[in-house]
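Peer 1: Before we start, here is the structure in question, set down as structure tokens.
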Amino acid sequence: MSTKVRVGAVQSEPVWLNLEGSVDKTISLIKKSAKEGIQVLGFPEVWIPGYPWYVHRSGRLGSADLKYDLQGGGQADSLKCVVDSPFGKIGGLNCWEHRQPLLRFYEYSQGVQIHIASWPAEFEMPDPEKQSWLYHETGEASYRASQFMAIEGQTFVLVASQIMTEENLAKNNCVGNHVTRTMGKTLCEPVGVGEEAILKADIDLRDIDYAKTFIDTVGHYARPDLLSLLVNPLAAKHVTTMK
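If you count the sequence shown from 1, position 98 lands on 98 in UniProt numbering, and the numbers rise without skipping.
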């Protein structure tokens, strides 16, 4: 097996909610990539037929039928997320799966060499005075999560994300949607290179609760039925006496 591999990550707009159109576009992108010598190609999350942003906009009752249809996935028999290929061991995670430490660790344990980080369309930060939103829901945060996986897992990471153009905001029920007008900020402004300073900020610990209502990696967003951490709290000994 050659160690030289040409990889590619798709950043494109789906043919929203159109199965046939999405499949046709997928085939065209694969053919285009093949002509350019790409051997491993990553696609965004729910690329066919587009990430259903309208679910978040419709509320619990408005999206109940769709959520019911999507129940029954993600069981233990599908947890293996790395496959062998002629181009190396390829793995992949979608969206917030990148924020589950044990799931990332499990993928590393499978020897992943090329990781596909698949994301929906995400958005930049507007003026925080106009709209409050969590930083972890910005494109920048998602990119950093993907980049950290490369550092942590010693793997190449392909970041694939969707695009949502202005004319398709209405189709996704996202016109005026606060999700598409996200905000987030660092705790303080950075200082110049080589400049001595004490960086300071005022924080409110209750803000943590707000963040955890969206994603709590050791709470409601964990999967203890699939993954758990085994810790030995005792000091190790060279000799253990059996009783």
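Think of the CB as a built atom: it goes at the ideal place given N, C-alpha and C, for glycine as much as any other residue.
Give me the Cα-Cα distance between Glu13 and Met164, rounded to the nearest whole angstrom.
Peer 2: What you label residue 13 is simply residue 13 of the sequence shown in a count that begins at 1. What you label residue 164 is simply residue 164 of the sequence shown in a count that begins at 1. Near 6 angstroms, if we compare the C-alpha coordinates of Met164 and Glu13.
Peer 1: Find out if the Cβ-Cβ distance for the pair Ile38, Arg6 is shorter than 7 angstroms.
Peer 2: Position 38 of the sequence shown, counted from the first residue, corresponds to residue 38. Position 6 of the sequence shown, counted from the first residue, corresponds to residue 6. In this structure, Arg6 lies closer than 7 angstroms to Ile38 by Cβ.
Peer 1: In or out: Ala121 buried (at least 16 other Cβ within 10 Å) or exposed?
Peer 2: As a position in the sequence shown, residue 121 is number 121, starting the count at 1. Buried, by the Cβ-count rule.
Peer 1: Is DSSP giving Gln162 helix, strand or coil here?
Peer 2: Mapped onto the sequence shown, residue 162 falls at position 162. Correct three-state label for Gln162: strand.
Peer 1: Answer with buried or exposed for Gln100, where buried requires no fewer than 16 other C-beta atoms within 10 angstroms of its C-beta.
Peer 2: Mapped onto the sequence shown, residue 100 falls at position 100. Result: buried.
Peer 1: Is the number of C-beta pairs between the stretch 222-235 and the stretch 98-113 that are closer than 8 angstroms three or more?
Peer 2: Touching, yes, given that three or more Cβ pairs across the two stretches are closer than 8 angstroms.
Peer 1: Just the C-alpha distance for Cys174 and Thr26, rounded to the nearest angstrom, thanks.
Peer 2: Position 174 of the sequence shown holds residue 174. Position 26 of the sequence shown holds residue 26. Looking at the two C-alpha atoms, the distance is approximately 24 angstroms.
Peer 1: Assuming contact is defined by CB atoms lying nearer than 7 angstroms, are Met149 and Val157 in contact in what I supplied?
Peer 2: For the purposes of this step, residue 149 is taken as the residue at position 149 of the sequence shown. For the purposes of this step, residue 157 is taken as the residue at position 157 of the sequence shown. Yes, the pair counts as a contact, with Cβ atoms nearer than the cut-off.
Peer 1: Helix, strand or coil for Thr180 per DSSP?
Peer 2: Reading the sequence shown from its first residue, position 180 is the one you call residue 180. Annotation note: pLDDT 47 at Thr180 (below 50); position unreliable, coordinate value reported separately. It is helical.
Peer 1: Quick test of your reading: Pro44 and Ser118, contact by CB under 8 angstroms. State the CB separation rounded to the nearest angstrom.
Peer 2: Numbered from its first residue, the sequence shown carries residue 44 at position 44. Numbered from its first residue, the sequence shown carries residue 118 at position 118. So it is a contact: roughly 5 angstroms between Cβ atoms.
Peer 1: Residues in the same chain with beta-carbon distance under 8 angstroms from Val82, minus the five sequence neighbours each way, listed in chain order, please.
Peer 2: Sequence index remark: in the sequence shown, residue 82 carries index 82 (1-based). The residues are Lys89, Ile90, Gly91, Glu107, Gln110, Gly111, Val112.
Peer 1: Look up Ile114 in the DSSP assignment and give the residues it is bridged to.
Peer 2: Residue mapping note: residue 114 aligns to position 114 of the sequence shown, counting from 1. Note: Ile114 sits in a beta bridge opposite Ile90, Phe156.
Peer 1: Do you know how far the Cα of Trp47 is from the Cα of Ala141?
Peer 2: Taking the sequence shown and counting its residues from 1, the one referred to as residue 141 is at position 141. Taking the sequence shown and counting its residues from 1, the one referred to as residue 47 is at position 47. Cα-Cα distance, rounded: 20 angstroms.
Peer 1: Any Cβ of chain B within less than 7 angstroms of the Cβ of Ser142?
Peer 2: Absence of chain B from the displayed structure is noted, only one protein chain being present.
Peer 1: May I ask which residues mark the beginning and end of the beta strand (DSSP E) holding Asp84?
Peer 2: Position 84 of the sequence shown holds residue 84. Segment 82-85, the beta strand (DSSP E) holding Asp84.
Peer 1: Exposed or buried, what is Val239 when buried is set at 16 or more other beta-carbons lying within 10 Å of its beta-carbon?
Peer 2: Working through the sequence shown from its first residue, we reach residue 239 at position 239. So Val239 ends up on the exposed side.
Peer 1: Can you check DSSP and say which residues form a bridge with Phe214?
Peer 2: Counting from 1 along the sequence shown, the entry for residue 214 is found at position 214. Bridge partners of Phe214: none, in fact.
Peer 1: In or out: Tyr210 buried (at least 16 other Cβ within 10 Å) or exposed?
Peer 2: Translated into the one-based positions of the sequence shown, residue 210 becomes position 210. Exposed is the call here.
Peer 1: Could you tell me the boundaries of the beta strand (DSSP E) in which Gly21 lies?
Peer 2: Taking the sequence shown and counting its residues from 1, the one referred to as residue 21 is at position 21. Gly21 -> not in any beta strand (DSSP E); alpha helix (DSSP H) instead, spanning 19-35.
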